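Per the working numbering, residue 1318 is the first one in the sequence shown, and the count goes up by one each step. Heads up, the beta-carbon is just placed ideally off N, CA and C, and yes, glycines get one too. In this text the structure is predicted, and so the values were computed from the model without any measurement.
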Amino acid sequence: MNAISFYPLFLKCEKVTIDSRNIEKNDLFFAFSGESFNAATLAENAIDIGALAVIVEQKEFENEKRNIFYVPSTLKFLQDLAKHHRNQLEIPIIGLTGSNGKTTTKEIIHAVLSQKYSVQYTFGNLNNHIGVPLTLLSIKPQHEIAVIEMGANHQQEIEMLCEIAQPNFGYITNFGKAHLEGFGGFEGVIKGKSELYDYLKNNNQTILVNENDPIQIEKTEDYVSKITFGATTSDYQFEEFSKDNLVGLSYQGKQALSKLTGNYNFTNLCAAASLGFHFEVDFDQIKRAIENYLPTNMRSQVVEKSGKVFVLDTYNANPSSMTESLKNFKEFQGSKTIIIGDMLELGEESVKEHQAILALANALNFDEIITVGNEFKKVNKNSKSFENSKELSEYLKSNKIDSKNILLKASRGIALEQILEFID
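Structure follows, in C-alpha coordinates:
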(Lines of atoms letter the chains of each structure in order from A and count residues from 1; the text may use other names and numbers.)
(Lines give C-alpha, C1' and ligand atoms only; values in the text may rest on other atoms or scores of the structure.)
Protein backbone atom coordinates (compact mmCIF):
# COMPACT_ATOMS: atom_id res chain seq x y z
CA MET A 1 0.00 0.00 0.00
CA ASN A 2 1.19 3.52 -0.76
CA ALA A 3 -0.11 7.01 -0.06
CA ILE A 4 -1.78 7.35 -3.47
CA SER A 5 -3.76 4.12 -3.21
CA PHE A 6 -4.76 4.94 0.38
CA TYR A 7 -5.81 8.52 -0.41
CA PRO A 8 -9.50 7.81 -1.23
CA LEU A 9 -9.95 6.31 2.25
CA PHE A 10 -8.17 9.28 3.83
CA LEU A 11 -10.69 11.62 2.21
CA LYS A 12 -13.45 9.88 4.17
CA CYS A 13 -11.71 10.55 7.51
CA GLU A 14 -12.76 13.36 9.81
CA LYS A 15 -9.25 14.10 11.05
CA VAL A 16 -5.79 12.59 11.48
CA THR A 17 -4.37 11.94 14.94
CA ILE A 18 -1.28 10.36 16.47
CA ASP A 19 -2.71 10.45 20.00
CA SER A 20 -4.83 7.44 20.96
CA ARG A 21 -6.54 9.53 23.65
CA ASN A 22 -7.99 11.85 21.01
CA ILE A 23 -9.52 9.28 18.67
CA GLU A 24 -13.07 10.10 17.60
CA LYS A 25 -15.48 8.57 15.11
CA ASN A 26 -14.10 8.26 11.55
CA ASP A 27 -10.59 9.43 12.50
CA LEU A 28 -7.39 8.18 10.89
CA PHE A 29 -4.97 7.01 13.61
CA PHE A 30 -1.22 6.77 12.99
CA ALA A 31 0.18 4.32 15.55
CA PHE A 32 3.67 5.69 16.14
CA SER A 33 6.15 3.72 18.22
CA GLY A 34 8.75 5.06 20.63
CA GLU A 35 11.39 3.77 23.01
CA SER A 36 8.88 3.19 25.80
CA PHE A 37 5.62 2.65 23.95
CA ASN A 38 4.11 0.92 20.92
CA ALA A 39 0.84 2.47 19.82
CA ALA A 40 0.24 -0.40 17.40
CA THR A 41 -0.97 -2.45 20.38
CA LEU A 42 -3.91 -0.01 20.48
CA ALA A 43 -4.89 -0.53 16.84
CA GLU A 44 -7.83 -2.87 17.41
CA ASN A 45 -9.11 -0.71 20.25
CA ALA A 46 -8.86 2.38 18.02
CA ILE A 47 -11.16 0.72 15.48
CA ASP A 48 -13.51 -0.39 18.27
CA ILE A 49 -13.95 3.18 19.50
CA GLY A 50 -14.67 4.54 16.04
CA ALA A 51 -11.49 5.11 14.04
CA LEU A 52 -12.06 4.64 10.32
CA ALA A 53 -8.51 3.36 9.74
CA VAL A 54 -5.23 2.75 11.56
CA ILE A 55 -1.68 2.82 10.18
CA VAL A 56 0.86 0.54 11.91
CA GLU A 57 4.49 -0.29 11.21
CA GLN A 58 4.49 -3.74 12.83
CA LYS A 59 3.31 -6.47 10.46
CA GLU A 60 1.81 -8.61 13.25
CA PHE A 61 -0.82 -5.96 13.99
CA GLU A 62 -2.06 -5.74 10.40
CA ASN A 63 -5.73 -6.54 9.83
CA GLU A 64 -6.94 -5.06 6.55
CA LYS A 65 -10.44 -6.44 7.06
CA ARG A 66 -10.70 -3.97 9.95
CA ASN A 67 -8.83 -1.19 8.10
CA ILE A 68 -5.60 -1.69 10.07
CA PHE A 69 -2.89 -1.24 7.46
CA TYR A 70 0.81 -2.09 7.66
CA VAL A 71 3.49 0.23 6.27
CA PRO A 72 7.27 -0.01 6.79
CA SER A 73 7.38 3.46 8.42
CA THR A 74 4.44 5.35 9.89
CA LEU A 75 6.44 8.60 9.72
CA LYS A 76 7.31 8.27 6.04
CA PHE A 77 3.74 7.26 5.19
CA LEU A 78 2.40 10.28 7.11
CA GLN A 79 4.75 12.56 5.18
CA ASP A 80 3.98 10.91 1.83
CA LEU A 81 0.24 11.18 2.44
CA ALA A 82 0.58 14.84 3.40
CA LYS A 83 2.64 15.57 0.29
CA HIS A 84 0.11 13.82 -1.95
CA HIS A 85 -2.72 15.75 -0.29
CA ARG A 86 -0.77 18.97 -0.84
CA ASN A 87 -0.48 18.13 -4.53
CA GLN A 88 -4.27 17.98 -4.80
CA LEU A 89 -4.74 21.41 -3.21
CA GLU A 90 -5.13 24.52 -5.35
CA ILE A 91 -4.90 27.07 -2.54
CA PRO A 92 -1.95 29.35 -1.69
CA ILE A 93 0.21 28.05 1.14
CA ILE A 94 2.34 30.46 3.17
CA GLY A 95 5.47 28.95 4.72
CA LEU A 96 6.90 30.61 7.80
CA THR A 97 10.14 30.11 9.71
CA GLY A 98 12.68 32.13 11.69
CA SER A 99 14.55 32.22 14.98
CA ASN A 100 12.05 34.34 16.93
CA GLY A 101 8.42 35.30 16.56
CA LYS A 102 7.26 32.46 14.29
CA THR A 103 4.20 31.50 16.28
CA THR A 104 3.06 35.04 17.07
CA THR A 105 3.50 36.08 13.43
CA LYS A 106 1.65 32.99 12.22
CA GLU A 107 -1.27 33.72 14.51
CA ILE A 108 -1.50 37.38 13.46
CA ILE A 109 -1.29 36.42 9.76
CA HIS A 110 -4.09 33.95 10.39
CA ALA A 111 -6.14 36.62 12.17
CA VAL A 112 -5.66 39.10 9.32
CA LEU A 113 -6.38 36.72 6.45
CA SER A 114 -9.35 35.22 8.30
CA GLN A 115 -11.11 38.56 7.97
CA LYS A 116 -11.76 37.63 4.34
CA TYR A 117 -10.90 33.96 3.81
CA SER A 118 -11.27 30.53 5.37
CA VAL A 119 -7.73 29.93 6.63
CA GLN A 120 -6.16 26.79 8.05
CA TYR A 121 -2.95 27.20 10.04
CA THR A 122 -0.48 25.37 12.23
CA PHE A 123 -2.05 24.69 15.61
CA GLY A 124 0.18 25.41 18.59
CA ASN A 125 3.77 24.47 17.88
CA LEU A 126 3.12 21.56 15.49
CA ASN A 127 5.91 22.80 13.25
CA ASN A 128 8.24 19.83 12.82
CA HIS A 129 8.54 16.71 10.63
CA ILE A 130 5.34 15.34 12.20
CA GLY A 131 3.45 18.57 12.88
CA VAL A 132 3.73 19.99 9.36
CA PRO A 133 2.23 16.87 7.72
CA LEU A 134 -0.56 16.82 10.33
CA THR A 135 -1.36 20.45 9.55
CA LEU A 136 -1.42 19.80 5.81
CA LEU A 137 -3.72 16.83 6.30
CA SER A 138 -6.12 19.04 8.28
CA ILE A 139 -6.74 21.26 5.23
CA LYS A 140 -10.32 20.72 4.06
CA PRO A 141 -12.13 21.70 0.82
CA GLN A 142 -13.56 24.83 2.45
CA HIS A 143 -10.13 26.28 3.23
CA GLU A 144 -8.90 29.01 0.89
CA ILE A 145 -5.42 29.72 2.33
CA ALA A 146 -3.07 27.85 4.68
CA VAL A 147 -0.31 29.20 6.92
CA ILE A 148 2.32 26.60 7.76
CA GLU A 149 4.88 27.23 10.50
CA MET A 150 8.19 25.40 10.04
CA GLY A 151 10.58 24.89 12.94
CA ALA A 152 14.11 23.55 12.78
CA ASN A 153 17.21 23.09 14.90
CA HIS A 154 19.45 21.43 12.31
CA GLN A 155 20.47 21.93 8.69
CA GLN A 156 18.20 20.52 5.95
CA GLU A 157 15.09 20.37 8.15
CA ILE A 158 13.46 23.37 6.47
CA GLU A 159 14.42 21.94 3.08
CA MET A 160 12.63 18.69 3.94
CA LEU A 161 9.53 20.50 5.26
CA CYS A 162 9.37 22.62 2.11
CA GLU A 163 9.38 19.51 -0.05
CA ILE A 164 6.29 18.33 1.82
CA ALA A 165 4.41 21.64 2.20
CA GLN A 166 5.46 23.18 -1.15
CA PRO A 167 4.75 26.79 -0.10
CA ASN A 168 3.75 29.42 -2.66
CA PHE A 169 4.75 32.25 -0.31
CA GLY A 170 7.42 32.35 2.37
CA TYR A 171 8.62 34.59 5.17
CA ILE A 172 11.56 34.33 7.57
CA THR A 173 10.85 36.38 10.69
CA ASN A 174 14.54 36.87 11.51
CA PHE A 175 17.89 35.20 11.92
CA GLY A 176 18.82 34.98 15.60
CA LYS A 177 21.01 33.07 18.01
CA ALA A 178 18.64 30.14 18.49
CA HIS A 179 19.57 26.43 18.40
CA LEU A 180 23.23 27.34 17.93
CA GLU A 181 24.28 23.87 19.02
CA GLY A 182 22.22 22.08 16.37
CA PHE A 183 22.89 24.52 13.55
CA GLY A 184 26.61 24.78 14.29
CA GLY A 185 26.73 28.50 15.09
CA PHE A 186 25.06 31.65 13.81
CA GLU A 187 26.16 31.16 10.19
CA GLY A 188 24.55 27.75 10.36
CA VAL A 189 21.31 29.36 11.52
CA ILE A 190 21.34 31.66 8.49
CA LYS A 191 22.06 28.78 6.12
CA GLY A 192 19.41 26.52 7.67
CA LYS A 193 16.61 29.09 7.76
CA SER A 194 17.47 30.27 4.23
CA GLU A 195 16.49 26.86 2.92
CA LEU A 196 13.00 28.37 2.71
CA TYR A 197 14.35 31.06 0.36
CA ASP A 198 16.13 28.38 -1.68
CA TYR A 199 12.92 26.43 -2.19
CA LEU A 200 10.90 29.51 -3.14
CA LYS A 201 13.53 30.69 -5.61
CA ASN A 202 13.95 27.28 -7.21
CA ASN A 203 10.20 27.02 -7.71
CA ASN A 204 9.53 30.63 -8.78
CA GLN A 205 7.38 31.40 -5.75
CA THR A 206 6.97 34.63 -3.75
CA ILE A 207 9.13 35.83 -0.83
CA LEU A 208 7.97 38.31 1.81
CA VAL A 209 10.97 40.48 2.73
CA ASN A 210 11.56 42.79 5.68
CA GLU A 211 13.81 45.40 4.05
CA ASN A 212 14.89 46.60 7.48
CA ASP A 213 16.82 43.33 7.88
CA PRO A 214 20.19 43.36 6.08
CA ILE A 215 20.38 39.56 5.95
CA GLN A 216 16.97 39.31 4.29
CA ILE A 217 17.98 41.99 1.79
CA GLU A 218 21.23 40.19 0.97
CA LYS A 219 19.55 36.81 0.56
CA THR A 220 16.81 38.12 -1.75
CA GLU A 221 18.38 41.04 -3.62
CA ASP A 222 18.71 39.06 -6.87
CA TYR A 223 15.13 37.80 -6.74
CA VAL A 224 12.21 39.49 -8.48
CA SER A 225 9.07 37.83 -7.10
CA LYS A 226 8.79 39.37 -3.65
CA ILE A 227 6.58 41.49 -1.40
CA THR A 228 8.48 44.05 0.65
CA PHE A 229 8.02 46.19 3.75
CA GLY A 230 10.30 47.99 6.20
CA ALA A 231 11.92 50.69 4.03
CA THR A 232 10.78 53.92 2.40
CA THR A 233 10.99 52.24 -1.02
CA SER A 234 9.13 49.07 0.04
CA ASP A 235 5.79 47.94 -1.35
CA TYR A 236 4.18 48.65 2.01
CA GLN A 237 5.36 51.32 4.45
CA PHE A 238 4.32 51.35 8.09
CA GLU A 239 5.17 53.46 11.10
CA GLU A 240 5.43 52.21 14.66
CA PHE A 241 3.66 53.72 17.63
CA SER A 242 3.04 52.59 21.20
CA LYS A 243 0.54 53.25 23.96
CA ASP A 244 0.51 51.87 27.51
CA ASN A 245 3.46 49.55 26.74
CA LEU A 246 1.60 48.05 23.76
CA VAL A 247 2.84 48.23 20.17
CA GLY A 248 0.88 49.27 17.10
CA LEU A 249 1.34 50.22 13.47
CA SER A 250 0.07 53.10 11.39
CA TYR A 251 -0.51 53.05 7.63
CA GLN A 252 -1.31 56.15 5.63
CA GLY A 253 -2.51 57.94 8.75
CA LYS A 254 -4.64 55.06 10.08
CA GLN A 255 -3.64 53.25 13.26
CA ALA A 256 -4.04 49.76 14.71
CA LEU A 257 -2.95 49.10 18.31
CA SER A 258 -2.23 45.51 19.27
CA LYS A 259 -2.33 43.82 22.67
CA LEU A 260 1.32 42.84 22.24
CA THR A 261 4.26 44.36 24.05
CA GLY A 262 7.71 44.87 22.56
CA ASN A 263 8.79 46.87 19.53
CA TYR A 264 10.11 43.57 18.12
CA ASN A 265 6.44 42.68 17.56
CA PHE A 266 6.06 45.69 15.25
CA THR A 267 7.82 43.72 12.52
CA ASN A 268 5.44 40.80 13.08
CA LEU A 269 2.47 43.14 12.65
CA CYS A 270 3.99 44.58 9.47
CA ALA A 271 4.48 41.12 7.98
CA ALA A 272 0.86 40.18 8.64
CA ALA A 273 -0.46 43.49 7.30
CA SER A 274 1.67 43.20 4.14
CA LEU A 275 0.30 39.74 3.38
CA GLY A 276 -3.16 41.05 4.15
CA PHE A 277 -2.81 43.82 1.59
CA HIS A 278 -1.39 41.37 -0.96
CA PHE A 279 -4.50 39.21 -0.56
CA GLU A 280 -6.76 42.28 -0.81
CA VAL A 281 -7.73 42.53 2.85
CA ASP A 282 -8.45 46.22 3.51
CA PHE A 283 -6.95 48.21 6.38
CA ASP A 284 -10.14 48.31 8.43
CA GLN A 285 -10.18 44.51 8.41
CA ILE A 286 -6.46 44.38 9.23
CA LYS A 287 -7.01 46.82 12.09
CA ARG A 288 -9.83 44.68 13.47
CA ALA A 289 -7.65 41.57 13.35
CA ILE A 290 -4.67 43.24 15.04
CA GLU A 291 -6.72 44.86 17.78
CA ASN A 292 -8.68 41.70 18.56
CA TYR A 293 -5.68 39.35 18.60
CA LEU A 294 -5.02 38.33 22.20
CA PRO A 295 -1.77 36.47 22.97
CA THR A 296 -2.50 33.61 25.35
CA ASN A 297 0.49 31.40 24.67
CA MET A 298 3.11 32.83 27.05
CA ARG A 299 4.64 34.82 24.19
CA SER A 300 4.81 38.59 24.88
CA GLN A 301 1.70 38.15 27.00
CA VAL A 302 0.83 41.04 29.33
CA VAL A 303 -0.96 39.93 32.51
CA GLU A 304 -2.20 42.17 35.32
CA LYS A 305 -2.38 40.59 38.77
CA SER A 306 -2.58 42.07 42.27
CA GLY A 307 -1.81 45.55 40.97
CA LYS A 308 1.32 44.40 39.14
CA VAL A 309 2.01 44.17 35.41
CA PHE A 310 3.61 40.92 34.28
CA VAL A 311 5.21 40.37 30.89
CA LEU A 312 4.95 36.61 30.46
CA ASP A 313 7.36 35.45 27.76
CA THR A 314 8.27 31.98 28.93
CA TYR A 315 7.67 29.81 25.88
CA ASN A 316 11.09 30.30 24.36
CA ALA A 317 14.29 32.25 24.80
CA ASN A 318 17.59 32.72 23.01
CA PRO A 319 20.18 35.51 23.11
CA SER A 320 18.45 37.50 20.37
CA SER A 321 14.96 37.41 21.84
CA MET A 322 16.25 37.88 25.40
CA THR A 323 18.14 41.03 24.39
CA GLU A 324 15.07 42.53 22.74
CA SER A 325 12.86 41.65 25.71
CA LEU A 326 15.19 43.31 28.20
CA LYS A 327 15.54 46.48 26.11
CA ASN A 328 11.80 46.72 25.65
CA PHE A 329 11.05 46.10 29.33
CA LYS A 330 13.44 48.89 30.31
CA GLU A 331 10.98 51.36 28.71
CA PHE A 332 8.16 50.41 31.09
CA GLN A 333 7.25 53.15 33.57
CA GLY A 334 7.74 52.40 37.27
CA SER A 335 9.86 49.94 39.23
CA LYS A 336 11.02 46.85 37.35
CA THR A 337 12.11 43.33 38.32
CA ILE A 338 13.35 40.82 35.76
CA ILE A 339 13.20 37.08 36.34
CA ILE A 340 15.18 35.43 33.57
CA GLY A 341 15.81 31.73 33.05
CA ASP A 342 18.33 29.72 31.09
CA MET A 343 18.51 29.87 27.30
CA LEU A 344 18.85 26.26 26.16
CA GLU A 345 20.53 24.57 23.17
CA LEU A 346 23.42 27.06 22.92
CA GLY A 347 26.18 24.45 23.08
CA GLU A 348 29.70 25.82 23.44
CA GLU A 349 28.38 29.39 23.27
CA SER A 350 26.23 28.98 26.38
CA VAL A 351 28.49 30.49 29.06
CA LYS A 352 29.46 33.44 26.87
CA GLU A 353 25.87 34.19 25.87
CA HIS A 354 24.55 33.96 29.44
CA GLN A 355 27.34 36.26 30.60
CA ALA A 356 26.42 38.77 27.89
CA ILE A 357 22.74 38.77 28.85
CA LEU A 358 23.54 39.22 32.53
CA ALA A 359 25.90 42.09 31.68
CA LEU A 360 23.16 43.75 29.63
CA ALA A 361 20.66 43.30 32.46
CA ASN A 362 23.04 44.95 34.91
CA ALA A 363 23.78 47.79 32.50
CA LEU A 364 20.05 48.51 32.13
CA ASN A 365 19.80 49.08 35.92
CA PHE A 366 16.69 47.12 36.72
CA ASP A 367 15.50 47.39 40.31
CA GLU A 368 15.94 43.66 40.85
CA ILE A 369 17.48 40.82 38.83
CA ILE A 370 16.62 37.19 39.54
CA THR A 371 18.01 34.30 37.49
CA VAL A 372 16.82 30.71 37.25
CA GLY A 373 18.74 27.71 35.93
CA ASN A 374 22.20 26.17 36.03
CA GLU A 375 23.59 28.17 33.10
CA PHE A 376 22.82 31.53 34.69
CA LYS A 377 23.98 30.18 38.06
CA LYS A 378 27.45 29.63 36.58
CA VAL A 379 27.83 33.31 35.72
CA ASN A 380 25.59 35.09 38.26
CA LYS A 381 27.68 36.00 41.29
CA ASN A 382 25.92 39.18 42.40
CA SER A 383 22.16 38.77 41.88
CA LYS A 384 19.69 36.28 43.30
CA SER A 385 20.13 32.95 41.54
CA PHE A 386 18.02 29.80 41.76
CA GLU A 387 18.63 26.35 40.35
CA ASN A 388 15.09 25.88 39.03
CA SER A 389 11.58 27.31 39.09
CA LYS A 390 10.55 25.13 42.03
CA GLU A 391 13.36 26.54 44.17
CA LEU A 392 12.36 30.09 43.26
CA SER A 393 8.71 29.31 44.02
CA GLU A 394 9.68 28.23 47.54
CA TYR A 395 11.61 31.48 48.00
CA LEU A 396 8.66 33.57 46.82
CA LYS A 397 6.33 31.99 49.39
CA SER A 398 8.04 34.07 52.08
CA ASN A 399 9.67 36.88 50.07
CA LYS A 400 7.78 39.60 48.22
CA ILE A 401 8.67 41.29 44.95
CA ASP A 402 7.85 44.97 45.36
CA SER A 403 8.23 46.14 41.77
CA LYS A 404 5.20 47.26 39.79
CA ASN A 405 6.45 45.62 36.56
CA ILE A 406 7.83 42.07 36.39
CA LEU A 407 9.33 40.36 33.32
CA LEU A 408 9.43 36.55 33.12
CA LYS A 409 11.57 35.31 30.23
CA ALA A 410 13.14 31.86 29.74
CA SER A 411 13.33 28.80 27.53
CA ARG A 412 10.40 26.38 27.67
CA GLY A 413 12.38 23.82 29.66
CA ILE A 414 12.61 26.17 32.65
CA ALA A 415 8.79 26.34 33.03
CA LEU A 416 9.13 29.79 34.54
CA GLU A 417 5.39 30.48 34.35
CA GLN A 418 5.00 28.16 37.36
CA ILE A 419 6.18 30.91 39.70
CA LEU A 420 3.40 33.32 38.73
CA GLU A 421 0.98 32.03 41.37
CA PHE A 422 3.54 32.70 44.12
CA ILE A 423 3.97 36.41 43.35
CA ASP A 424 1.55 38.67 45.20
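Problem - Which listed residue (E1535, L1725, V1333) has its alpha carbon closest to that of L1643 - result: Comparing alpha carbon positions, the residue from E1535, L1725, V1333 closest to L1643 is L1725.
Exercise for the section: Kindly confirm or deny that the stretch 1447-1459 and the stretch 1590-1608 touch, where touching means at least three C-beta pairs closer than 8 Å. Expected result: A contact is defined here as three or more CB-CB pairs under 8 Å, and the stretch 1447-1459 fails this definition with respect to the stretch 1590-1608.
Practice task
Give every residue of the same chain whose Cβ lies closer than 6 Å to the Cβ of A1399, excluding the five residues on either side of it in the sequence, and list them in chain order.
Solution key: Cβ neighbours of A1399 beyond the five flanking positions: P1450, L1453, L1454, I1481.
Problem - Three-state secondary structure (DSSP) of E1734 - result: helix
Handout entry: Helix, strand or coil at D1344 [DSSP, three-state]
Key = Per DSSP, reduced to three states, the secondary structure at D1344 is coil, with no helix or strand assignment.
Exercise for the section: Could you name the residues of the same chain whose beta carbon sits closer than 8 Å to that of I1534, not counting the 5 residues immediately before and after it, in chain order? Expected result: V1526, E1528
Problem - CA-to-CA distance, L1478 to L1517, given in whole angstroms - result: CA-CA distance, L1517 to L1478, rounds to 12 Å.
Practice task
Within its chain, find whatever has a CB closer than 7 Å to the CB of A1356; leave out the 5 residues flanking it on each side and keep chain order.
Solution key: S1337, A1348, F1349, S1350
Practice task
Grab the span of the beta strand (DSSP E) containing I1385 for me, first residue to last.
Solution key: 1385-1387
Exercise for the section: Measure the C-alpha to C-alpha separation of T1421 and V1628 and round it to an integer number of angstroms. Expected result: 15 Å
Exercise for the section: Evaluate K1510 with the Cβ neighbour count: other Cβ atoms within 10 Å of its Cβ, from every protein chain shown; 16 or more gives buried, anything less gives exposed. Expected result: buried
Exercise for the section: Throw me the rounded Cβ distance for the G1570 and Q1522 pair, which I believe falls under 8 Å. Expected result: Their Cβ separation, rounded to whole angstroms, is 33 Å, which puts G1570 and Q1522 out of contact at 8 Å.
Exercise for the section: For G1468, I'd like the list of residues in its chain whose CB is within less than 6 Å of its CB, leaving aside the five on either flank, ordered along the chain. Expected result: Only N1444, N1445 meet the Cβ criterion.
Problem - Within the stretch 1353-1413, ranges of the beta strand (DSSP E) (whole runs, at least 3 residues) - result: Within the stretch 1353-1413, the complete beta strand (DSSP E) runs of at least 3 residues are 1370-1373, 1385-1387.
Problem - Same chain only: Cβ atoms within 8 Å of K1707, ignoring 5 sequence neighbours per side - result: Q1735
Problem - For F1596, three-class secondary structure by DSSP - result: coil
Problem - Inter-residue spacing [alpha-carbon to alpha-carbon] between Y1276 and E1407 - result: In the structure as shown, the chain starts at 1318 and stops at 1741, and residue 1276 therefore has no counterpart that could be examined.
Handout entry: Of the listed residues E1504, K1717, Q1375, nearest to S1416 (C-alpha basis)
Key = E1504
Handout entry: Ranges of the beta strand (DSSP E) found wholly within the stretch 1494-1558, counting only runs of at least 3
Key = 1523-1527, 1543-1546
Problem - Pairwise C-alpha distance: S1623 and N1697 - result: 29 Å
Handout entry: Cβ-based neighbour list, Y1553, same chain, cut-off 8 Å, excluding 5 preceding and 5 following
Key = Once the five neighbours on either side are set aside, the close Cβ partners of Y1553 are I1544, T1545, F1546, Y1568, C1587, A1590, S1591, F1594.
Problem - Residue of L1661, K1653, S1667, M1660 minimising C-alpha distance to N1679 - result: The shortest C-alpha separation from N1679 is found at K1653.
Practice task
Leaving out five residues on either side along the sequence, give the residues of the same chain with a beta carbon under 8 Å from the beta carbon of V1668.
Solution key: E1692, K1695, V1696
Practice task
Within 10 angstroms of the Cβ of T1549, are there 16 or more other Cβ atoms? Answer buried if so, exposed if not.
Solution key: exposed
Handout entry: Residues near Y1434 in its chain [Cβ-Cβ closer than 6 Å; skip 5 each side]
Key = E1461, I1462
Exercise for the section: Alpha carbon to alpha carbon, how far is H1401 from Q1602? Give it in angstroms, no decimals. Expected result: 34 Å
Problem - G1658 vs V1620 beta-carbon contact at 7 Å - result: Here G1658 is not near V1620, since their CB atoms are 7 Å or more apart.
Handout entry: DSSP state of D1659 mapped onto helix, strand, coil
Key = coil
Exercise for the section: Measure the CB-CB distance between L1413 and E1476 and report whether it falls below 7 Å. Expected result: no
Exercise for the section: May I ask which residues mark the beginning and end of the beta strand (DSSP E) holding N1697? Expected result: DSSP places N1697 in no beta strand (DSSP E); its state is neither H nor E.
Practice task
Give a yes or no on whether the C-beta atoms belonging to N1585 and F1649 are separated by under 7 Å.
Solution key: no
Practice task
Measure the CB-CB distance between V1564 and S1551 and report whether it falls below 7 Å.
Solution key: no
Problem - Opposing strand residues paired with I1687 [DSSP bridges] - result: Answer is I1656, K1701.
Exercise for the section: Output the distance between the C-alpha atoms of P1458 and G1501, rounded to the nearest integer angstrom. Expected result: 41 Å
Practice task
Within the same chain, show all residues whose beta-carbon is closer than 7 Å to that of F1739, passing over the 5 residues directly before and after it, in chain order.
Solution key: The answer, listed in chain order, is S1710, L1713, K1714.
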